[in-house]
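One structure below.
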């Protein structure tokens, strides 16, 4: 197996991954995302990647921010067409970069997530008040960027927050507040590694020292199902009270390793070997 | 003509850039066929997701209970547009367009890549994730090069660079705004393009002549439009382009270059050139949507 690791920067997580590929005597090249280009000429699309010849590789590991979606999505299609294995499939970045779309997709696929109302404009808040039970999270988005996140405890507060929103708003999400500790899950194929962070009422956030936990089978399956249904084999999934509250295409290997005292990079490499049939 | 057996309901969803005249023409054309016609601006839509269900609503109306919907959505509507199309595709509403088509047609490089794969004639096109690959890209694409914002429309965000000296400030500007760089071969043409309105199996062609001193052929930039007989030699190509994007209605823009035809872009939500053609294309689009709705409901 030969792997290309694509990332926006060679951070510690990426370094750990590259070292592990090397330990296992697997040829792995790193390329910074900003060095990449796609070139279409007739039927053929080439991946231009500095000195890396994509044709020689049979797997890609990609780690990119949601803002890279316009480049990553056509790249994922090209990789799939060439039969090159990648941790993300086409559509996965469209889904995880657009959070309102992600919530809609999860719930429509029967994946447990907090009840979510998505409004095209904050002016529609009055329409959802009668059916809203408080507290809720109020989230506003301009393009794919979250511009506002607040916990709101009453109708009057919600109306006030909506009214005070300034600037471009493409969507507003009013989501049931899922009370409980947050489970931060690293999904790597069929394995899930997780830690817990307690909810702090005073801070209105999940703060405090992360604690190692064992997930129940149900929680494990939920995390895997959420990632897979959004087109991801490797992902970070956040659970609160048995519900999915977020899925990200990126995995902070370094962060998880520190808390869990594990080597998640080994799990990633093992998974890649399994997926490419390499030993 | 197909017969209907029960009242039929049509929904028009108007994106943020929807032109009033075009929308009015569509509504009036729809009223000739459908018993109930509702036009909803996108910013009046809400989506309720709970217990495994997603509901698309305008006030207390469930929008998935319509028989047909024509969502005239633009890139500016992307956040809600993806969700709306996803819900409609998974409902019983007849849609003359698709979510895939919306995502691809609103991305100039992605469009070219997908059309190239089905052997449609496309200009050499590149997409760079950063500034660094630009030199090697422009060597492949060649000068003059057309630089495009991925989601520009109406000729906006389309720039021509004849040399690296002209290209560099464009690239620098795009970088400031954190835009990806799409560079395309300049197709030398005869001063007009062919806008092909695809309506099912039919194609209606309009020649758009660029005004003097302008190389872009958008009517909004002063181009003159004239309906012409559609050249049958392009039929298979144009239909293939619309089909691969899952679009029953769209427009495909073709340039007759010196080296042969080139497909430049596909419009998910084509302007209807009301200035020159009045409600002609609205009538044609709605006739198609009506007939297909009947077929889809097995009322034909």
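Chains as they are written, first to last, in the working numbering: chain A, 6 to 284; chain B, 269 to 568.
Even glycine gets a Cβ: it sits at the ideal position worked out from N, Cα and C.
| Item | Value |
| --- | --- |
| 8 Å Cβ cutoff met for residue 116 of chain A and residue 231 of chain A | yes |
| Reference residue 512 of chain B; option with closest CA among B:551, B:448, B:384 | B:384 |
| Beta-bridge partners of residue 12 of chain A, as assigned by DSSP | A:37, A:68 |
| Sub-8 Å separation of residue 363 of chain B and residue 455 of chain B beta-carbons | no |
| Length of the line joining the Cα atoms of residue 224 of chain A and residue 156 of chain A | 25 Å |
| Beta-carbon contacts of residue 267 of chain A that lie in its chain and below 8 Å, excluding the five residues immediately before and after | 198, 261 |
| Buried versus exposed, by CB contacts within 10 Å (16 or more), residue 235 of chain A | buried |
| Helix, strand or coil at residue 248 of chain A [DSSP, three-state] | strand |
| Min CB distance residue 574 of chain B to chain A below 8 Å | Here chain B has residues from 269 to 568 only, and residue 574 of chain B is not among them. |
| Member of A:59, A:125, A:151 whose CA lies at the smallest distance from the CA of residue 324 of chain B | A:125 |
| Partner residues on chain A for residue 358 of chain B, Cβ-Cβ distance less than 8 Å | 113 |
| Interface flag, residue 569 of chain B vs chain A, CB-CB below 8 Å | Since the displayed chain B opens at 269 and closes at 568, residue 569 of chain B lies outside it and no answer follows. |
| Member of B:305, B:404, B:292 whose CA lies at the smallest distance from the CA of residue 546 of chain B | B:292 |
| Closer than 8 Å to chain B by CB, residue 76 of chain A | yes |
| At least 3 beta-carbon pairs within less than 8 Å: the stretch 402-413 of chain B vs the stretch 549-556 of chain B | no |
| Exposure label - residue 241 of chain A; buried when at least 16 CB within 10 Å | buried |
| Spatial distance of residue 276 of chain A from residue 469 of chain B (CA atoms) | 47 Å |
| Residues of the stretch 304-318 of chain B whose Cβ lies closer than 9 Å to any Cβ of chain A, in chain order | 309, 310, 311, 312, 313, 314, 315, 316, 317, 318 |
| Helix, strand or coil at residue 484 of chain B according to DSSP, with G and I counted as helix | coil |
| Cβ-based neighbour list, residue 55 of chain A, same chain, cut-off 7 Å, excluding 5 preceding and 5 following | 36, 40 |
| Assumed close pair residue 286 of chain B, residue 391 of chain B - CB separation to whole angstroms, cut-off 8 Å | Rounded, the Cβ-Cβ distance is 29 Å, inconsistent with contact. |
| Terminal residues of the beta strand (DSSP E) in which residue 535 of chain B lies | 528-535 |
| Alpha carbon of residue 343 of chain B to alpha carbon of residue 244 of chain A, nearest angstrom | 32 Å |
| Neighbour flag for residue 122 of chain A against chain D, beta carbons, 8 Å | Chain labels in this structure do not include chain D; the protein chains are A and B. |
| Any chain A beta carbon closer than 8 Å to residue 327 of chain B | yes |
| Contact list for the stretch 13-47 of chain A against chain B, Cβ threshold 7 Å | 38, 39, 40, 41, 42, 43, 44, 45, 46, 47 |
| 8 Å Cβ cutoff met for residue 69 of chain A and residue 77 of chain A | yes |
| Given residue 543 of chain B as reference, the closest of B:494, B:280, B:500 once Cα atoms are compared | B:494 |
| Assigned exposure category for residue 304 of chain B - 16 Cβ within 10 Å defines buried | exposed |
| At least 3 beta-carbon pairs within less than 8 Å: the stretch 24-33 of chain A vs the stretch 42-56 of chain A | no |
| Interface residues of the stretch 537-562 of chain B facing chain A [CB-CB below 9 Å] | none |
| Environment of residue 226 of chain A [buried if 16+ CB atoms lie within 10 Å] | exposed |
| Those residues which DSSP pairs with residue 498 of chain B across a bridge | Residue 498 of chain B pairs with nothing; no bridge assigned. |
| Of the residues B:508, B:497, B:278, the one placed nearest residue 329 of chain B, counting alpha carbons only | B:278 |
| Residue from B:490, B:429, B:369 with nearest C-alpha to residue 519 of chain B | B:369 |
| C-beta atoms of residue 341 of chain B and residue 281 of chain B nearer than 8 Å | yes |
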